[in-house]
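Chains as they are written, first to last, in UniProt numbering: chain A, 1 to 233; chain B, 1 to 233.
To start, the structure itself, in structure tokens.
2 protein chains.
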Amino acid sequence: MKTLVIVSHPEYDNSMTESFLQQCQNDIDEVDWLVLDHLTNNYEFDIDKEQNRLIKYDRILLQFPMYWYSSPALLKKYEDDIFTRSFTYANEDGKLKGKELGIITTLGEPLKNYTVGGSEGFSINEILKPYQALAFKSGMKFIKPFAVDQFAYMTDDEKGKLLVDYRNYLTNEDINGFGSKQIWYLSQLKQLRSNLSSEKQAKLDIIIDYLQDNYDRLDEIKWELDMIKKEED
Amino acid sequence: MKTLVIVSHPEYDNSMTESFLQQCQNDIDEVDWLVLDHLTNNYEFDIDKEQNRLIKYDRILLQFPMYWYSSPALLKKYEDDIFTRSFTYANEDGKLKGKELGIITTLGEPLKNYTVGGSEGFSINEILKPYQALAFKSGMKFIKPFAVDQFAYMTDDEKGKLLVDYRNYLTNEDINGFGSKQIWYLSQLKQLRSNLSSEKQAKLDIIIDYLQDNYDRLDEIKWELDMIKKEED
């Protein structure tokens with residue numbers, strides 16, 4: 001699976017969040033990043049070039065800070081220019097059909113304020129409807145959005161977890177599947193293992209075994225639940 | 001009441017819909033239009049100047065063709081630049097508090113396709129959530145959106161009705177009130193009367209009387225309904 005992360009951030013080079021997430025760029029082969037703010041300085045795009053880029057990927061992720069409940073204007077210009085009717089409309093043989101579309105958005109306000117009665121008044125799901133509609137019209141599968149709130153206040157542990165979750169969002173092929181995060185963790189740990197000293201490998205093996213047991217047990221429980229449901233029918 | 005219509009349309013000068021709606025600009029004193037595409041050609045705005053412009057108006061209307069379930073990018077850039085935190089946030093003494101915000105949007109697809117199960121999949125109300133959230137955050141009252149669908153297929157009668165409804169949306173002070181459209185019609189007709197020949201005035205008086213009777217009867221019915229409700233309580 002090939003993933004493209006399309007980033008739009010007017011202050012990209014000064015953003016702590018962006019430079020933190022950027023760390024992934026060195027060691028994930030199947031993911032590419034495209035920073036729109038580096039691609040153009042006059043709001044113009046090479047439409048053919050960008051359309052040809054998009055068709056190479058299976059998962060397309062739009063990454064941006066939330067500006068007035070949407071992306072910064074430059075990403076909107078990209079949408080307006082690149083997603084032409086013939087390239088995009090699923091019912092007119094568009095070229096995006098079957099791909100996945102996801103949103104990675106960074107919030108200045110706490111996520112919990114995005115609710116009726118909260119300071120933002122509306123949920124992230126409500127606010128992202130225009131992107132869900134874009135996915136619908138183009139025949140793309142809209143995957144669960146990934147929101148990063150209040151990065152500046154995160155502890156180092158929270159930041160570590162964020163980076164793992166971000167990698168999972170970018171590379172996990174079965175992102176909504178049952179137990180898919182556990183399987184993905186296990187495969188990441190097994191990859192990591194080969195670069196370690198034998199002493200550290202031994203320690204990591206204990207963790208891998210523990211997680212594997214845990215996952216197997218979860219899988220059994222799921223199987224049992226399925227059986228109970230079948231008997232009820 | 002002073003109204004500002006902020007228009008964003010990359011093809012403004014070639015748009016049949018825009019040039020049709022533009023007709024209003026000659027004879028409504030209390031409404032001003034600002035065409036963003038004429039204001040800038042490099043996506044840059046004079047922030048102070050635009051903020052000072054906005055504070056003079058009571059009703060602010062964003063008028064645009066629907067591009068990927070939102071405005072064209074230029075209007076988004078205007079939002080990103082002009083609606084600074086200190087100018088906008090209601091809880092930080094923002095300057096937009098108490099004003100009205102409305103959306104005038106032109107659709108290529110029929111309005112009835114904006115529904116679950118339709119070709120667009122989502123309703124106009126869902127798609128416009130980011131603007132509703134902007135109104136909420138800035139303490140503005142979000143008024144019912146005004147959608148123009150398939151202008152190219154309209155008959156002359158339908159276009160005439162559109163122009164009347166558009167004027168009503170721009171100038172009716174009590175836009176959601178009971179019978180407010182009738183009152184507004186009557187006041188428009190009475191204004192029109194003074195410019196007519198005495199023969200035409202006589203004809204118009206019959207129409208005005210008819211509408212006035214109609215409105216009075218509606219008002220009585222509303223009063224009776226209110227009485228019935230009170231008795232039930």
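For every residue, glycine included, the Cβ atom is placed at its ideal position computed from N, Cα and C.
Runs of the beta strand (DSSP E) lying entirely within the region 110-164 of chain A and spanning at least 3 residues, in chain order: 146-149. Contact with chain A is found for Leu-134 of chain B, since one of that chain's Cβ atoms lies less than 7 Å from the residue's Cβ. With the criterion set as a beta carbon lying under 9 Å from some beta carbon of chain A, the members of the region 72-87 of chain B are Pro-72, Ala-73, Leu-74, Leu-75, Lys-76, Lys-77, Tyr-78, Glu-79, Asp-80, Asp-81, Phe-83, in sequence order. DSSP places Leu-101 of chain A in the uninterrupted beta strand (DSSP E) bounded by 100-107. The three-state reading of DSSP puts Trp-184 of chain A in helix, counting H, G and I together.
Going by C-alpha positions, Val-116 of chain A is about 12 Å away from Lys-129 of chain B. Of the residues B:Leu-134, B:Leu-218, B:Lys-112, B:His-9, the one whose Cα lies closest to the Cα of Ile-124 of chain B is B:Lys-112. Relative to Leu-192 of chain B, the option among B:Asp-27, B:Asn-14, B:Tyr-12 whose CA is nearest is B:Asp-27. The beta carbon of Tyr-12 of chain A sits closer than 8 Å to the beta carbons of Glu-18, Val-35, Asp-37, His-38 from its chain, once the five residues preceding and following it are set aside; these are given in chain order. Excluding five sequence positions before and after Tyr-89 of chain A, none of the CB atoms of its chain fall closer than 6 Å to its own CB.
Excluding sequence positions up to five before and after Leu-186 of chain A, its CB lies within less than 8 Å of the CB of Ile-208, Leu-211, Gln-212, Tyr-215, all in the same chain and listed in chain order.
Annotation for Leu-211 of chain B: the continuous alpha helix (DSSP H) segment containing it runs 198-232. When Cβ-Cβ separations below 7 Å define contact, Phe-45 of chain A makes no contact with chain B.
Here the C-alpha atom of Phe-122 of chain B lies approximately 52 Å from the C-alpha atom of Lys-203 of chain A. Within chain B, the C-beta atoms nearer than 9 Å to that of Phe-122 of chain A come from Lys-129, Pro-130, Gln-132, Ala-133, Phe-136, in chain order. For Thr-40 of chain A, no beta strand (DSSP E) run applies, since DSSP gives it neither H nor E. Contact between the region 47-62 of chain B and the region 90-99 of chain B is present: 3 or more CB-CB pairs across the two stretches fall below 8 Å. One alpha carbon belongs to Ile-55 of chain B, the other to Ala-73 of chain A, and they sit about 23 Å apart. Exclusion of the five residues before and after Gln-132 of chain A leaves Phe-142 as the residues of its chain whose Cβ lies within less than 6 Å of its Cβ.
Nearest to Ser-138 of chain B by alpha-carbon distance, out of B:Asp-157, B:Lys-95, B:Pro-110, is B:Lys-95. Looking only at A:Pro-110, A:Tyr-166, A:Asn-91, A:Ile-82, the smallest Cα-Cα distance to Val-5 of chain A is reached by A:Tyr-166. The beta carbon of Glu-92 of chain B lies closer than 8 Å to those of Arg-85, Ser-86 in the same chain, with the five residues before and after it left out. At a cut-off of 7 Å, the C-beta of Glu-50 of chain A has no neighbouring C-beta in chain B. Arg-59 of chain B is bridged by DSSP to B:Thr-3, B:Glu-100.
Tyr-67 of chain A reaches chain B at Asp-80, counting residues in chain order whose Cβ is nearer than 7 Å. By the neighbour-count definition (other C-beta atoms within 10 Å, threshold 16), Met-140 of chain B is a buried residue. Taking the Cα positions, Lys-144 of chain A is about 51 Å away from Glu-224 of chain B. When Cβ-Cβ separations below 7 Å define contact, Ser-70 of chain B makes contact with chain A. Within 9 Å of the CB of Glu-158 of chain B, no CB atom of chain A is found; the nearest one sits about 26 Å away. For Thr-3 of chain B against Thr-171 of chain B, the beta-carbon gap comes to about 7 Å, under 8 Å, which counts as contact.
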